[in-house]
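Each protein sequence line maps, in turn, to chains A and B. 2 is the number of the first residue of the first sequence in the working numbering; add one for each residue after it. 7 is the number of the first residue of the second sequence in the working numbering; add one for each residue after it.
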Amino acid sequence: DIVMTQSPDSLAVSLGERATINCKSSQSVLYSSNNKNYLAWFQQKPGQPPKLLIYWASTRESGVPDRFSGSGFGTDFTLTISSLQAEDVAVYYCQQYYSTPPAFGQGTKVEIK
Amino acid sequence: EVQLVESGGGLVKPGGSLRLSCVTSGFTFSDAWMTWVRQAPGEGLEWVGRVKGKAYDFTRDYAAPVKGRFRILRDDSKNTLYLQMSSLKTEDTAVYYCTVGLGNSDNDYWGQGTLVTVSS
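Spelled out as C-alpha cells, the structure:
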C-alpha cells in the first residue's frame, strides 16, 4: 500500500503571507501512459465536509481561488497558498488515487499567526 | 448540481449492525465511482471502500480494517449508495461521508456526512 506523509502537521502563517504544505508518497503516483500524477488536495474547514481543491497534482477545481496552487510529480508534492486569507483556516489533506487503497495524508492544520 | 445526502447514522452497540444510505442526484449514477470515507472524532480522513461504475463492472474494494464486515451496495434505480456495516466495533465510531468521483479525482464531491457511534 502507498503511504502518504504530510509536513508539517500544523503551521501558523500571517495574513497575506505564503503557506506551503508538503506531501510525500511512499511510491510514485505518476501514471506513465498519460503522464498524470494521481494526487489530489482537499480542504476541510471546521464542521464541514472536505472539499476538492486540486486534482492531477496541479489542476485547480472550478471555483477555487487562484491563490491555491499545486505542484510536484512522482513522489513529492506541494500545496501553496500564495497569500493566506482568514477563510483559508482549515485542515488540508493530500490523497493519492493511483492505486488501491487510495490513502490520505494525515492532514496539515493551517492557522493564522 | 451534484448532491449527496447521507442518512442512517446513530448509536449502536458493539457487535451490532447498521446500514447507511446516500441518495444522489445531478450526475449519471451508474457511471460514477462511489466511495465511503470516514473520520473518527478529532482525527483525519480514512478511506473505507469504493464501488466503481458500470464500465468497470461495479468492482468493489474495501479497506483492510472493514473487509469482511462492511459491504457497499448500490441501487441504480434509486441513485442510492449504501454501506451495510456489521460486527461493529468501538473503533468504527466516525462520521461517514459518501463521495463521488466524476473523472478528476476519486472524491470530486462529498456529502455532509452521518455520525455512527458504536458504544455499549
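We put the CB at the ideal spot given by N, CA and C, even for glycine.
Can you tell me which residues form a DSSP beta bridge with residue i?
| i | result |
| --- | --- |
| residue 82(A) | 20(A), 69(A) |
| residue 52(B) | 44(B) |
| residue 102(B) | 44(B), 120(B) |
| residue 38(A) | 31(A) |
| residue 55(A) | 42(A), 61(A) |
| residue 49(A) | In DSSP, residue 49(A) forms no bridge with anything. |
| residue 77(A) | 25(A), 74(A) |
| residue 90(B) | 25(B), 77(B) |
Any Cβ of chain B within less than 9 angstroms of the Cβ of residue i?
| i | result |
| --- | --- |
| residue 51(A) | yes |
| residue 101(A) | yes |
| residue 28(A) | no |
| residue 108(A) | yes |
| residue 41(A) | yes |
| residue 32(A) | no |
| residue 79(A) | no |
| residue 60(A) | yes |
| residue 86(A) | no |
Residue i by DSSP, collapsed to three states: which one?
| i | result |
| --- | --- |
| residue 70(B) | coil |
| residue 91(A) | strand |
| residue 64(B) | coil |
| residue 112(A) | strand |
| residue 96(B) | helix |
| residue 35(B) | helix |
| residue 8(A) | strand |
| residue 129(B) | Here chain B has residues from 7 to 126 only, and residue 129(B) is not among them. |
| residue 13(B) | strand |
| residue 99(A) | coil |
| residue 81(B) | strand |
| residue 107(B) | strand |
Since residue i meets chain A, which of its residues come closer than 7 angstroms, beta carbon to beta carbon?
| i | result |
| --- | --- |
| residue 103(B) | 50 |
When you compare the CB of residue i with every CB in chain A, is at least one pair closer than 9 angstroms?
| i | result |
| --- | --- |
| residue 51(B) | yes |
| residue 56(B) | yes |
| residue 67(B) | yes |
| residue 100(B) | no |
| residue 59(B) | no |
| residue 62(B) | no |
| residue 107(B) | yes |
| residue 70(B) | yes |
| residue 88(B) | no |
In chain B, which residues lie with their C-beta within 9 angstroms of the C-beta of residue i?
| i | result |
| --- | --- |
| residue 105(A) | 43, 50, 51, 52, 53 |
| residue 94(A) | 50, 51 |
Going along chain A in order, which residues have a C-beta closer than 9 angstroms to the C-beta of residue i?
| i | result |
| --- | --- |
| residue 118(B) | 49, 50 |
Could you work out which residue in the options is closest to residue i when comparing CA atoms only?
| i | options | result |
| --- | --- | --- |
| residue 43(A) | 112(A), 13(A), 56(A), 67(A) | 56(A) |
| residue 81(B) | 49(B), 26(B), 48(B), 111(B) | 26(B) |
| residue 95(B) | 41(B), 21(B), 58(B), 54(B) | 21(B) |
| residue 112(B) | 100(A), 33(A), 4(A) | 100(A) |
| residue 29(A) | 40(A), 109(A), 93(A) | 40(A) |
| residue 74(A) | 25(A), 68(A), 13(A), 18(A) | 25(A) |
| residue 8(A) | 51(A), 45(A), 86(A), 81(A) | 81(A) |
| residue 31(B) | 70(B), 104(B), 50(B), 54(B) | 104(B) |
| residue 118(B) | 45(A), 21(A), 94(A) | 45(A) |
| residue 63(B) | 116(B), 122(B), 48(B), 39(B) | 39(B) |
| residue 83(A) | 27(A), 94(A), 52(A), 15(A) | 15(A) |
List the residues of chain A whose Cβ lies closer than 8 angstroms to the Cβ of residue i, in chain order.
| i | result |
| --- | --- |
| residue 112(B) | 41, 96, 98, 103 |
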